[in-house]
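Colleague: Sharing a structure with you now.
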Amino acid sequence: MLASSRLFRRRGKPVANGKKAVQTDTAPKALGPYSQAIVANGMVFCAGQIPLDPATGDLVAGGIAEQTHQVLKNLRAVLKATGSDLDRSVKTTVFLKSMDSFTAMNEVYGRPEYFGANPPARSTVEVARLPRDVLVEIEVVALV
Numbered sequence: 003m004l005a006s007s008r009l010f011r012r013r014g015k016p017v018a019n020g021k022k023a024v025q026t027d028t029a030p031k032a033l034g035p036y037s038q039a040i041v042a043n044g045m046v047f048c049a050g051q052i053p054l055d056p057a058t059g060d061l062v063a064g065g066i067a068e069q070t071h072q073v074l075k076n077l078r079a080v081l082k083a084t085g086s087d088l089d090r091s092v093k094t095t096v097f098l099k100s101m102d103s104f105t106a107m108n109e110v111y112g113r114p115e116y117f118g119a120n121p122p123a124r125s126t127v128e129v130a131r132l133p134r135d136v137l138v139e140i141e142v143v144a145l146v
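Numbered according to this note's numbering, the sequence shown spans residues 3 to 146.
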């Protein structure tokens, strides 16, 4: 955890009012003028992640299962850059292109390697469209 904390201090960008912006190369770069995450008051507020390969910036191949796995992998990378991880999540919001994907997304999301025995509170909503026409986007709030 100490190494992660040093990484955060080195890569975290100070923002007004005691907030710190998070930027890590182990997750996809932001597609617009926003931070990958903000750390404030012992909490990490992650921007929504979509299923992009951080090395190439390309959309991962496959359907909802593969996309959900990549999104969670990307979120884990952002959280680890702050010294946190998915098992410290308190709230997630899942945005789906279609609620028809709900069961398949849940099969991946519910794996113990992501959130452990105590999954966070969650909202899941269907949306008309997501960036790059992906099938899923997830945002997370976690403890540092």
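Glycine included, every Cβ here is placed at the ideal spot set by N, Cα and C.
#1: Going by Cα to Cα distance, which pick from Gln51, Arg124 and Asn43 is closest to Thr26?
#2: Can you tell me whether Ser37 is helix, strand or coil according to DSSP?
#3: When the Cα atoms are used, what is the spatial distance from Arg124 to Thr58?
#4: Starting from Ile140, follow its DSSP beta bridges and name the residues at the other end.
#5: Mind reading off the beta-carbon distance from Ala29 to Ala79? Whole number of angstroms is fine, and I expect it under 8 Å.
#6: Could you check which residue in Asn19, Tyr116 and Val41 has the C-alpha nearest to that of Asn76?
#7: Might you give, ordered along the chain, the residues of its own chain that have their beta carbon closer than 7 Å to the beta carbon of Leu61, omitting 5 neighbours on each side?
#8: Are the beta-carbon atoms of Pro122 and Val92 separated by less than 7 Å?
#9: Start and end of the beta strand (DSSP E) containing Lys24?
#10: Output the distance between the C-alpha atoms of Thr105 and Pro35, rounded to the nearest integer angstrom.
#11: For Ala83, which of Glu139, Thr70 and Ser37 has the nearest alpha-carbon?
Modeller: So, to answer that:
#1: Looking at the Cα atoms, Gln51 is the closest of the given residues.
#2: Coil.
#3: Taking the straight line joining both Cα atoms gives about 30 Å.
#4: Beta-bridge partners of Ile140 (DSSP): Gln51 and Val96.
#5: Right, the Cβ-Cβ distance comes to about 4 Å (below 8 Å), so this counts as a contact.
#6: Ranking Asn19, Tyr116 and Val41 by Cα distance to Asn76 puts Tyr116 first.
#7: Shown here for Leu61: same chain residues with a beta carbon closer than 7 Å to its own, the five before and five after excluded, namely Pro53, Leu54, Arg134 and Val136 in chain order.
#8: Pairing Pro122 with Val92 gives a Cβ-Cβ distance under 7 Å.
#9: It is Val, not Lys, that sits at residue 24 in the sequence shown. Here the beta strand (DSSP E) through Val24 covers Lys21 to Val24.
#10: Taking the straight line joining both Cα atoms gives about 33 Å.
#11: Nearest C-alpha to Ala83: Ser37.
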